[in-house]
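Participant:
Number of protein chains: 2
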Amino acid sequence: MSSTTGERLRAWLILGRIPGVGPRVAGRLVEHFGDPTRVLAAGRAELEAVGLKPALVDAILDPPEAAADADLAWAEGEGVQILARDDPRYPPLLAQLSAPPILLFVRGDPEVLKDPMLAIVGSRNPTPSGRETTGDFARHLAACGLTIVSGLAIGIDGAAHTGALEGGRTVAVLGTGPDRIYPAAHRDLARRIAQKGALVTEYPPGTAPIGRNFPRRNRMISGLSLGTLVTEAALKSGSLITARYAVEQGREVFAIPGSIHNPLARGCHALIRDGAKLVESAADILEELAPLLGPLTAETTEPDRNGSGDPGDLDADYLRLLENLGHDPVSPDDLIRRTGLPAQDIASMLLLLELKGYVSSCPGGRYCRSTMTN
Amino acid sequence: MSSTTGERLRAWLILGRIPGVGPRVAGRLVEHFGDPTRVLAAGRAELEAVGLKPALVDAILDPPEAAADADLAWAEGEGVQILARDDPRYPPLLAQLSAPPILLFVRGDPEVLKDPMLAIVGSRNPTPSGRETTGDFARHLAACGLTIVSGLAIGIDGAAHTGALEGGRTVAVLGTGPDRIYPAAHRDLARRIAQKGALVTEYPPGTAPIGRNFPRRNRMISGLSLGTLVTEAALKSGSLITARYAVEQGREVFAIPGSIHNPLARGCHALIRDGAKLVESAADILEELAPLLGPLTAETTEPDRNGSGDPGDLDADYLRLLENLGHDPVSPDDLIRRTGLPAQDIASMLLLLELKGYVSSCPGGRYCRSTMTN
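Chains as they are written, first to last, in my numbering: chain A, 350 to 723; chain B, 350 to 723.
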């Protein structure tokens, strides 16, 4: 007799609440017994046969059912979705990790977790320019269909989420329970993220922001994503740990270089020396990810950077956009006004034109016609 | 009967003046006949047997002796040394190239061409910060015993020579004859370089600054050097050509990253993507070159970056320097004043202390004590 989805979810929650049962032990037990409900139905002798320590066997035989039931009730009341590891909505890239989280608490739309995602992380104390660059990249890439993942921290994380919200969707991975927002200064940002994307955490309700939980948060940020972009980071910073997780997980690492006089470029430079892709523009990232993205950017996978393309290939909207671009840099806002094209479309159209060599991006997020030198 | 050194030099000069005889043909001929004087003594039949085209045979049979004699007289009057390819003073790294220059015209001390050298090149229109960084690197590295090679152009080249003169020695490679200085704005700089290093060119007196000679000038800049550092350069610039020569010659390429909003960082970023070493400090270059430098930086080849070294290892002068360094950045000038140590020594002492982890370099060419974190 097989268990129902509801019974299994409750069993996962109970397992997750047992002290000493992390993702690795839970995975081993469920694999052994075939189902989380059967782990909890097992007797002492069966559990001991798996090789568990006596204290852990005792803990499993006295399962924290009340706490799990409280989690279920709380989640239902809050509209928070709980995705166990066997949930079809569980994000596939995260499932590839060794010992992925047992449970995800998701505030917002769980479907967003199946988007192609890019992590953007960096310093909590960025330079003004680093913050602006981060926002520009996030907005641009989100507008091209990459959902931006970050950690809701102040600084670069906040700029990444905010920029992404302007262009598309974003996911914040929390190091706390789903009932807490840390830092408090980002409460409003978190609310907007939940409306247009999702807040996600592997920690159950009530988990406070304690330092030792943040490395696992970082591991989920990179684990959800096709790649991780570090925009500004000091040496020996948490962002470099996230990048190291990305490498271990076989994902891409991107880093933006900066002045050698900027201490927050040091972390990025260290990553580049270790093999991260040096990134100057959003197009660099899309080109690198194109083979993984499939249809998302199918039309941008054959960049024609030498500008030899014939504008006649472009459709009417693109031609209208090009006609409104000169050699003086112009902002997307001005282009929206000049062309009447939807704001939502302009960013991705500009990126395509940039990849095809017709336009160049200029400082301050503006654009101009490329000089056709070849 | 073997020819004298003077006869051979005159023969090299004549060969070099024959239209159509470049380094490659001259090398082949001298290898075949065993000596440049024998090339000129050869008859038509012997020359044709080598496979030369008839026009070239005619030219060799009517050698431009007067022009060569004028070169010799001019050089003697000016104190310019002429080093033929078989001269023991010919720089050994340059001799390793395929088809090295037949002749070098050297104003200054030819011995400097045997120094371990580093090329520093870049844009003719650098940013103020790029210019300053270039000067800082050149001064620092010259003070550590690396002679700085560049091309006497305005911009980065000028900053490299000027910085190097403050710290040690420098060599300018000209794209003109040794009787011309181009650009004229660098006449005084050229005079100072000749006093403390050398001006060197493979072009005979009278050669005007024409564009097609400059790629060979670039090839000599990288060819004299253990490595080439590009500090600021646009894409598709001459500096990238010099870097490409360095790669072909099996030499190191170093590049300084910069802001993605600085168009003159693009060339450096392109080099880094293609495998150039990303450089944040002069120490990065010295560490990389240390195995090639041998005794020059023997005492700097075991950097102790984690700062676990015991200052008791240092001699009295170094301790005096350390005692005068605090955690607030201080300029080398202030350190000279505080310690009474010779200005000439301070730069290399600071570098050694930096490599050993005792001091850190700060923006503006200043220094402070390292925070010992380990």
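Note that the Cβ used here is the ideal one computed from N, Cα and C, for glycine as well.
Between the C-alpha atoms of residue 413 (chain A) and residue 642 (chain A), what's the straight-line distance to the nearest angstrom?
Facilitator: 42 Å
Participant: Residue 606 (chain A) versus chain B: which residues are under 9 Å apart at the beta carbon?
Facilitator: 606, 607, 608, 609, 614, 617, 618, 621, 627
Participant: May I have a chain-ordered list of the alpha helix (DSSP H) segments no shorter than 4 residues that lie completely inside the segment 478-563 of chain A?
Facilitator: 505-516, 536-545
Participant: Counting only beta-carbon separations shorter than 8 Å, does residue 482 (chain A) have a partner in chain B?
Facilitator: yes
Participant: Decide if residue 601 (chain A) is buried, meaning its Cβ has at least 16 other Cβ atoms within 10 Å, or exposed.
Facilitator: buried
Participant: How many angstroms separate the CA atom of residue 466 (chain B) from the CA atom of residue 535 (chain A)?
Facilitator: Here the alpha carbon of residue 466 (chain B) sits roughly 54 Å from the alpha carbon of residue 535 (chain A).
Participant: Over what stretch of residues does the alpha helix (DSSP H) that includes residue 596 (chain B) continue unbroken?
Facilitator: 587-597
Participant: When DSSP labels each residue in this structure, what does residue 601 (chain B) get in the three-state scheme?
Facilitator: DSSP places residue 601 (chain B) in strand when its eight states are reduced to three.
Participant: Considering only their Cβ atoms, is the gap separating residue 522 (chain A) from residue 500 (chain A) smaller than 8 Å?
Facilitator: yes
Participant: Smallest Cα separation from residue 355 (chain A): which of A:399, A:664, A:422, A:374?
Facilitator: A:422
Participant: When DSSP builds the beta bridges, which residues end up paired with residue 621 (chain B)?
Facilitator: According to DSSP, which records beta bridges pairwise, residue 621 (chain B) is partnered with nothing at all.
Participant: According to DSSP, simplified to helix, strand and coil, what is residue 697 (chain B)?
Facilitator: Here residue 697 (chain B) carries a helix assignment [DSSP, helix/strand/coil].
Participant: What's the gap between the Cα of residue 381 (chain B) and the Cα of residue 515 (chain B)?
Facilitator: Straight-line spacing of the CA atoms in residue 381 (chain B) and residue 515 (chain B) works out to 46 Å.
Participant: Following the continuous alpha helix (DSSP H) through residue 391 (chain A), name the residue where it begins and the one where it ends.
Facilitator: First-last for residue 391 (chain A): undefined, no H or E at that position.
Participant: Rounding to the nearest angstrom, what Cα-Cα distance links residue 588 (chain B) and residue 616 (chain B) in this structure?
Facilitator: 8 Å
Participant: Inspect the CB distances between the segment 475-483 of chain B and the segment 502-513 of chain B and report whether three or more fall short of 8 Å.
Facilitator: Yes: the two stretches touch, three or more of their Cβ pairs being nearer than 8 Å.
Participant: Identify which residue in B:633, B:557, B:416 has its Cα closest to the Cα of residue 531 (chain B).
Facilitator: B:557
Participant: Only counting the same chain, and skipping five residues up and downstream in sequence, which positions put a Cβ closer than 6 Å to that of residue 702 (chain B)?
Facilitator: 708
Participant: Of the residues A:550, A:457, A:545, which one's Cα is nearest the Cα of residue 451 (chain A)?
Facilitator: Nearest C-alpha to residue 451 (chain A): A:550.
Participant: My output table needs one value for residue 642 (chain A): the three-state DSSP class, helix, strand or coil.
Facilitator: helix
Participant: Can you list, in chain order, the residues of its chain with a C-beta nearer than 8 Å to that of residue 429 (chain A)? Leave out the 5 residues immediately preceding and following it.
Facilitator: Once the five neighbours on either side are set aside, the close Cβ partners of residue 429 (chain A) are 423, 454, 455, 456, 527.
Participant: Taking C-beta to C-beta, are residue 584 (chain B) and residue 619 (chain B) nearer than 8 Å?
Facilitator: In this structure, residue 619 (chain B) lies closer than 8 Å to residue 584 (chain B) by Cβ.
Participant: Could you compute how far the alpha carbon of residue 490 (chain B) sits from the alpha carbon of residue 592 (chain B)?
Facilitator: 19 Å
Participant: CB-CB under 7 Å to residue 368 (chain A), same chain, minus the five flanking residues each way: which ones, in chain order?
Facilitator: 408
Participant: Sorted by chain position, which residues of the same chain lie with C-beta nearer than 6 Å to residue 502 (chain B)'s C-beta, five sequence neighbours on each side aside?
Facilitator: 473
Participant: By how many angstroms is the C-alpha of residue 569 (chain B) removed from the C-alpha of residue 714 (chain A)?
Facilitator: 41 Å
Participant: In angstroms with no decimal places, state the Cα-to-Cα distance between residue 358 (chain B) and residue 529 (chain B).
Facilitator: 22 Å
Participant: With a cut-off of 8 Å on the beta carbons, I'd call residue 675 (chain A) and residue 580 (chain A) a contact; round off their distance for me.
Facilitator: Not really, about 30 Å apart at Cβ, beyond 8 Å.
Participant: I'd like to know whether the C-beta atoms of residue 469 (chain A) and residue 431 (chain A) end up nearer to each other than 8 Å.
Facilitator: no
Participant: Less than 7 Å between C-beta atoms, sequence neighbours within five positions excluded: which residues of the same chain meet that for residue 495 (chain A)?
Facilitator: Counting only Cβ-Cβ distances below 7 Å, and skipping sequence neighbours, we find 465, 466, 467.
Participant: Can you give the Cα-Cα distance for residue 389 (chain A) and residue 444 (chain A), rounded to whole angstroms?
Facilitator: 23 Å
Participant: With 8 Å as the threshold, decide whether the Cβ of residue 718 (chain B) is near any Cβ in chain A.
Facilitator: no
Participant: What's the gap between the Cα of residue 548 (chain A) and the Cα of residue 371 (chain A)?
Facilitator: 21 Å
Participant: Can you look up residue 438 (chain B) in the DSSP assignment and give me helix, strand or coil?
Facilitator: coil
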